[in-house]
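Everything in the sequence shown is counted per my numbering, starting at 1 for the first residue and increasing by one.
Backbone N, C-alpha and C fix where the C-beta goes; we use that ideal spot for every residue, glycine too.
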Amino acid sequence: MFLASLLLFSASTGRATADSPQTQPVSERFGAHDAHIGKNSVAEIDAALAKMKAAGIRWLRMNFPWLHLDEAEGSADGWKFETDSNHYDYVVRKANSLGIKILGIITGPAPGWANSGWSYPYGRETEWKRYVKAVARHYNGVQDGADPNPQEAPYFPAEGADIGPLYVDAFEIWNEENIYGYWLIVPDPVAYTDLLKITYPVIKGAHPNATVVMGGVNGLGFMHYWGSATDNWKFFTATQAQDGFDGCFRLGALQYVDAVAYHPYPGLYDRDPNQGPDDPMEVESRNHANYLKDLTRKPEFNPSGKEIGIWNTEFGWEYTDPNQASYLLRSMINYAGNIINYPDGTKRPLNMAIWYTLWENPNEGDGKYCGLWGNILDNNAAKNSYYYYKTFQAVVGPTSPIAKPGFITVTTSNSTYLEQHYFQHPDGSIAMAFWQRDAQQRSLNISITQPGFEQPRKWNLLSCTSSPIGSGNTNSWSITGLATNGTPVIITLNVPKGTLSVSSITPNSAAPGNFVAISNLAGTGFEAWAKVRLEGPSTIEACNANTVSSNKITCYFDLTGAPEGTYNVVVENPNGQKATLSGGFTVSSQCGTGSGSAVLLLGLTLGLLSLAGGYGRRRRKARDAA
1 MFLASLLLFS ASTGRATADS PQTQPVSERF GAHDAHIGKN SVAEIDAALA KMKAAGIRWL
61 RMNFPWLHLD EAEGSADGWK FETDSNHYDY VVRKANSLGI KILGIITGPA PGWANSGWSY
121 PYGRETEWKR YVKAVARHYN GVQDGADPNP QEAPYFPAEG ADIGPLYVDA FEIWNEENIY
181 GYWLIVPDPV AYTDLLKITY PVIKGAHPNA TVVMGGVNGL GFMHYWGSAT DNWKFFTATQ
241 AQDGFDGCFR LGALQYVDAV AYHPYPGLYD RDPNQGPDDP MEVESRNHAN YLKDLTRKPE
301 FNPSGKEIGI WNTEFGWEYT DPNQASYLLR SMINYAGNII NYPDGTKRPL NMAIWYTLWE
361 NPNEGDGKYC GLWGNILDNN AAKNSYYYYK TFQAVVGPTS PIAKPGFITV TTSNSTYLEQ
421 HYFQHPDGSI AMAFWQRDAQ QRSLNISITQ PGFEQPRKWN LLSCTSSPIG SGNTNSWSIT
481 GLATNGTPVI ITLNVPKGTL SVSSITPNSA APGNFVAISN LAGTGFEAWA KVRLEGPSTI
541 EACNANTVSS NKITCYFDLT GAPEGTYNVV VENPNGQKAT LSGGFTVSSQ CGTGSGSAVL
601 LLGLTLGLLS LAGGYGRRRR KARDAA
């Protein structure tokens, strides 16, 4: 079971840290938030990560709270990374094996012996640094799980726990430190910058390759309140921007982070009166990202000229389906584009965008703010927003953003609120998305004059399937009267690849209950956005199918509950052309763990959910209801 995890992990330790977004495909810059996944049962963790993998979600943002890991003063009984009620190691190991990167939040609540309040950052600097060092070193991908200095930070793993290299890619220092609810007694740029100064060198000393991110501020750090002036969710001060990000930057904060983070919830900004409360405010969002990037370039804040990444570590909306799904897709397409201006005249994407949140709990808190944020219900049923996320990663994920091609012309009666975004697949195929910011119905006429593309295809956002649209031939195509509103329309232009065939699949067998990584599905004529499935005793759709070239596809199969037997391997290009490798794959318990590192056992060792103190399974999340 764990040989596969170790082999896959060792092959991935040279991973990028999302600080060069222009060199990465879109998919690598998007994730989802599940703060308390480490306190869930193993079965719940398996379900969550399986859903993430199936949707192509590349990053998981989660807490590593001081309280849960360091319950006794001095940790005389060891660090609590893996116990009957803590499964932080299990989450990291499983995520590593599935290729899901982790943004870990270094945060309180502080254990009772160290502080008197759950939102106080730290009471004893020495003990705080000890906690930070323990987490960073434990998840640096080098140590074997047991800390080499037990006198400083002993770790006694739970009986039966696997000890192996575990890797967390990035650490975010605190969360929403600019509001009263997460930083008692009063949010203070001086106190928070002091926290960065003592935390950054500790993390870098223990885990030099980790990206260190300033805690995501609510809004841009200078708003007054959530909701009304009578609540307690007060920001740094009730004045202006210089008391938010500027306040920290002026004190030298940028010397102690690799990236800064913000949470651009729509209720925190003035809206265009023609846009609804569920509107992601695309223009404003682009401006906010540039405003923040410009702050990080100011010589008085960043005298060394250090390149600082811009991470959006929470974006989301609690609107019901289908409005929430449209909000998600509009936001993701917008953030995927080249939206940040650079001094050399180029534009580049945001470094990271994390959806809040993966799971929802409608019974938590007052039921108004807490229960509608997720992509997945507590009964494991996926919402429309989950399927939109999946389609985004499948279609836009393998691409890179580009400027509008000169051979594409778009006309409409009113372009004031038209959003149009373009992306290119490595093989030259094009993905484009259109919608109206004010959500009003308008039609578009699209002309494609460059020869060499197959007939355009329009994507179904829920099923992640496509159908032909438009008229013409391979010399030129036209789409007339395309209906658009507040939900994006995604259209792709494929470069044809010739005769489709499937010749082999590696590995070609696995046991039921596994995630199987297909490292080489070989053949000819594979097009961008080709789909892969197994057909036999049941039909198993591949997830994360990636057309590496016209001759190679990589993908995953989730064989949980799959009947044993022989399966045909089917590849279907977006134009409906299919090819089959008859009897090419076998699901059998006799296969054991299959071929080397390709097979990832799910593991069903059950643990118990534990709620520690006032920091329960799901965080109460209030947002501006305006």
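For Tyr-265, the closest of Ala-259, Ala-289, Gly-219, Ile-479 by C-alpha to C-alpha distance is Gly-219.
Residue pairing of His-263 in beta bridges, as defined by DSSP: Asn-218, Gly-219.
According to the DSSP assignment, Cys-248 belongs to the alpha helix (DSSP H) that extends over 245–250. The continuous beta strand (DSSP E) containing Trp-59 extends over residues 59–65. Segment contact: the region 85–105 against the region 47–62, three or more CB-CB distances shorter than 8 angstroms; contact assigned. Taking C-alpha positions only, Trp-128 is separated from Ala-206 by approximately 14 angstroms.
The beta carbons of Asn-40 and Ala-48 sit closer together than 9 angstroms. Here Trp-66 is buried, its C-beta having at least 16 other C-beta atoms within 10 Å. DSSP places Arg-297 in the helix class (H, G or I) of the three-state scheme. For Lys-51, the three-state secondary structure derived from DSSP is helix. In this structure, DSSP gives Met-281 a state outside helix and strand, which the three-state scheme calls coil.
Cα atoms of Lys-197 and Asn-209: separation of roughly 18 angstroms, rounded to the nearest angstrom. As the crow flies, the alpha-carbon of Ala-336 is around 6 angstroms from that of Pro-349. Annotation: the continuous alpha helix (DSSP H) that includes Asn-323 extends over 323–336. By the Cβ test, the region 495–513 is in contact with the region 553–570, since at least three Cβ pairs between them sit closer than 8 angstroms. For Ala-579, the enclosing beta strand (DSSP E) stretches over residues 578–587. Straight-line spacing of the CA atoms in Phe-64 and Ser-385 works out to 27 angstroms. Under the criterion of beta carbons closer than 8 angstroms, Val-213 and Ala-261 qualify as touching, at roughly 5 angstroms. If you look at Tyr-192, you'll find it in the alpha helix (DSSP H) that goes 189–206. Beta-bridge partners of Asp-558 (DSSP): Phe-515. Following the DSSP letters along the chain, one finds Thr-126 inside the alpha helix (DSSP H) bounded by residues 125–138. Look at Gly-31 here: in three-state DSSP terms it is strand. Look at Gly-481 here: in three-state DSSP terms it is strand. With a threshold of 16 other beta carbon atoms within 10 Å, Ser-27 meets it and is buried. Within the DSSP bridge table, the entry for Phe-434 names Gln-420, Val-489 as partners. In the structure shown, Cys-464 falls within a coil segment according to DSSP collapsed to helix, strand and coil. Taking C-beta atoms under 8 angstroms as the contact rule, Pro-451 and Thr-480 fail to qualify, at a distance of about 20 angstroms. Fewer than three beta-carbon pairs drawn from the region 414–426 and the region 448–464 are found closer than 8 angstroms, and the two stretches are therefore not classed as touching.
The Cβ atoms of Leu-482 and Glu-454 do not sit closer than 9 angstroms to each other. Collapsing the DSSP output to three states places Ala-170 in a strand. Note on geometry: alpha-carbon atoms of Asp-194 and Tyr-200 lie some 10 angstroms from one another. The distance from the Cβ of Gly-536 to that of Thr-506 is about 18 angstroms, inconsistent with a contact at the 8 angstroms cut-off. The three-state secondary structure of Phe-315, taken from DSSP, is strand. Straight-line spacing of the CA atoms in Pro-343 and Asn-290 works out to 12 angstroms.
Taking a contact to require three or more Cβ pairs closer than 8 angstroms, the region 293–313 and the region 459–474 do not qualify as touching. For Ser-400, there is no enclosing alpha helix (DSSP H); the enclosing beta strand (DSSP E) covers residues 400–402.
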